[in-house]
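J.:
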Amino acid sequence: MTRASGKGGGLRRSLHRLVALVRKEFIQLRRDRMTLAMIISIPAMQLVLFGYAINVTPRNLPTALLVQDHSALSRGFIGSLSATGYFRIVRRAASERELDHLIRSGAVQFGIQIPAGFGRDVWRGRRPSLLVMADATDPATTGSAISALEGLRTRLFRRELRGPGRDLLRAGTAFEIRVHRRYNPAIRTPLNIVPGLLGIILTMTMLIFTSQAVTREYERGTMEGLLVMPLGRIEIMIGKILPFIVVGFVQMGIILLAGYYLFEVPIEGSPGLLLALSSLFIMANLAVGYTFSTLARNQLQAVQMSFMFFLPNIIMSGFAFPFRGMPEWAQHMGEILPLTHYIRITRGIMLKGAV
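If you read the sequence shown in the working numbering, its first letter stands for residue -12, the second for the next number, and so on.
(1) Rounded to whole angstroms, what is the Cα-Cα separation between tyrosine 39 and glutamine 318?
(2) Should arginine 111 go down as buried or exposed, given a rule of 16 or more other Cβ atoms within 10 Å for buried?
(3) May I have the straight-line CA-CA distance separating isoleucine 228 from leucine 260, to the nearest angstrom?
(4) Within its chain, find whatever has a CB closer than 8 Å to the CB of serine 69; leave out the 5 residues flanking it on each side and keep chain order.
(5) Can you tell me where the alpha helix (DSSP H) with proline 230 in it begins and where it stops?
(6) So proline 253 packs on asparagine 179, CB below 8 Å; how close in whole Å?
(7) Assuming the contact rule is C-beta atoms closer than 8 Å, alanine 123 and tyrosine 73 should be a hit. Round their C-beta distance to whole Å, please.
(8) Apply the 10 Å Cβ neighbour rule to arginine 0 and answer buried if 16 or more other Cβ atoms are within range, or exposed otherwise.
(9) Would the beta-carbon of leucine 136 fall within 7 Å of that of isoleucine 99?
(10) Using only the alpha-carbon positions, how far apart do arginine 107 and serine 58 sit?
(11) Using the Cα positions of glycine 93 and glycine 335, report the straight-line distance between them to the nearest angstrom.
(12) On the DSSP letters alone, give me the boundaries of the alpha helix (DSSP H) that glutamate 163 sits inside.
(13) Would you tell me roughly how many angstroms separate the C-alpha atoms of leucine 410 and leucine 249, rounded to the nearest one?
(14) May I ask you to report which of helix, strand or coil DSSP gives leucine 213?
(15) What is the DSSP secondary structure of proline 49, counted as helix, strand or coil?
(16) Between threonine 197 and tyrosine 247, is the Cβ-Cβ spacing less than 7 Å?
(17) Suppose you measure from the CA of phenylalanine 296 to the CA of serine 280; what does that come to, to the nearest Å?
(18) Determine the closest residue to arginine 79 out of Pro49, Ser134, Leu34 and Leu8, with distance taken between C-alpha atoms.
(19) Assuming glutamine 33 and proline 102 are in contact, meaning their beta carbons sit under 8 Å apart, how far apart are those beta carbons, in whole angstroms?
(20) Within the region -5 to 51, note down every full alpha helix (DSSP H) run reaching 4 residues or more, in order along the chain.
(21) Considering only their Cβ atoms, is the gap separating methionine 25 from glutamine 286 smaller than 7 Å?
(22) Quick check on phenylalanine 64: buried or exposed, where buried means 16 or more other Cβ atoms within 10 Å of its Cβ?
(23) Taking the C-alpha atoms as reference points, what is the distance between leucine 324 and isoleucine 41?
(24) Residues in the same chain with beta-carbon distance under 7 Å from valine 95, minus the five sequence neighbours each way, listed in chain order, please.
(25) In the DSSP output, which residue or residues are listed as bridge partners for aspartate 122?
(26) If you run the structure through DSSP and keep just helix, strand and coil, what is alanine 158?
(27) Is DSSP giving glutamine 100 helix, strand or coil here?
(28) Is the Cβ-Cβ distance between glycine 186 and tyrosine 329 less than 7 Å?
(29) On the DSSP bridge list, what partners appear for serine 116?
(30) Considering only the alpha carbon of each residue, which of Arg113, Leu53 and Gly104 lies closest to aspartate 87?
(31) Using three-state DSSP, classify isoleucine 336 as helix, strand or coil.
(32) For alanine 200, I'd like the list of residues in its chain whose CB is within less than 6 Å of its CB, leaving aside the five on either flank, ordered along the chain.
(33) For isoleucine 241, I'd like the list of residues in its chain whose CB is within less than 6 Å of its CB, leaving aside the five on either flank, ordered along the chain.
(34) Kindly identify the DSSP beta-bridge partner or partners of isoleucine 195.
(35) Whose C-alpha, out of Ser61, Ala173, Arg91 and Leu194, is nearest the C-alpha of leucine 143?
(36) Looking at the secondary structure, which residues open and close the beta strand (DSSP E) in which phenylalanine 344 lies?
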């Protein structure tokens, strides 16, 4: 009995110590408002972004038309195109050159050319071709819309073709839709991933490294030594940031070389322009990271702030999910992020040949 009661008393004491330790951790967690905010805000942010902002089948994609035929069949095709929900006609191009410019500049996702005599040639059984140009730098954006074109043709036949035209419907040879996937005709994943990954890696490393620059000095007790040196605050900030600018360029060089030699991702445009704009992007991320470093009280808080900023960058920049598939409010938020614009820059220079 004595031995059994002794074991029972030891177990109770162990449980009391464990409960006291757990209570202490909860008290510390309650006092650490940054961590508490992260626990609540990160799941809420993920729920909102994944639930509302992500759409893997984008609709209402901006489309430009070059209409060189004004027959009833052409008008029916344009009406059916809008009715699919995938194409939103925003421009009417006056020439092939203007249509090409709209695609290259990123103003539209699709450019569709209806050739002269299209309706007449359909009725005569000549099987004319409609040209559909798609900006395929992000294949996930265009895939569903291109698939919808075949169904559109069938619906158009049934609605517009009458009498002898029914033979064309049965044969399925009324006209041909030629799709040109610009800048990534083979739909190679590395051509889409590598330019975006360049921005993701630079954002992640610049934020995390720089966000700890000041807090590390405070935790090590060396900040006072820096402050008594004959250096101004601006000089300290520049001295903290400059090494990471060099690190950013080294990372950029490694990614570009690996992309070229391992995945055959070219740089069609100006390397100098890419270097100059990458410099601005690196400095923008360093400024954000340094701001977090001055606001945080320790390195853990600095990393938490960086993660809070980095998460929406991945989701809302157009890297992981189609940017034009997001609702309008999410696109407005995405436009604020530096990574959104940098991904457009890298794809524009590396794939579209911007100079």
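Think of the CB as a built atom: it goes at the ideal place given N, C-alpha and C, for glycine as much as any other residue. Keep in mind the model is a prediction, meaning the values are calculated, not measured.
T.: Reading off the structure:
(1) 12 Å
(2) exposed
(3) When only Cα atoms are considered, isoleucine 228 and leucine 260 end up about 22 Å apart.
(4) Arg75 and Ile76
(5) 220 to 250
(6) Proline 253 to asparagine 179, Cβ: 13 Å. No contact.
(7) The pair is not a contact, with the Cβ atoms about 15 Å apart (cut-off 8 Å).
(8) exposed
(9) no
(10) Between the C-alpha atoms of arginine 107 and serine 58 there is a straight-line separation of about 8 Å.
(11) In this structure, the CA atom of glycine 93 is about 8 Å from the CA atom of glycine 335.
(12) First-last for glutamate 163: 163 to 169, but that is the beta strand (DSSP E), not the alpha helix (DSSP H).
(13) Since the first and last residues shown for the chain are -12 and 342, residue 410 lies out of range.
(14) helix
(15) strand
(16) Against a cut-off of 7 Å, the Cβ pair of tyrosine 247 and threonine 197 comes out as no contact.
(17) 13 Å
(18) Looking at Pro49, Ser134, Leu34 and Leu8, the one whose alpha-carbon comes closest to that of arginine 79 is Pro49.
(19) That belief does not hold up - the Cβ atoms of glutamine 33 and proline 102 are roughly 48 Å apart, past 8 Å.
(20) 20 to 35
(21) Not closer than 7 Å, so no.
(22) buried
(23) 16 Å
(24) Pro49, Thr50, Ala51, Val77, Arg78 and Leu89
(25) Residue pairing of aspartate 122 in beta bridges, as defined by DSSP: Arg169.
(26) Residue confidence is low: alanine 158 scores 49 on pLDDT, short of 50, so the model does not pin down where it sits. Its coordinate-derived value is still stated next. In this structure, alanine 158 counts as helix in the three-state DSSP scheme.
(27) In this structure, glutamine 100 counts as strand in the three-state DSSP scheme.
(28) yes
(29) Glu163
(30) Leu53
(31) helix
(32) Lys227 and Ser280
(33) none
(34) None, per the DSSP bridge assignment.
(35) Ser61
(36) Given that the chain is displayed from residue -12 to residue 342, the structure contains no residue 344 and the question cannot be resolved.
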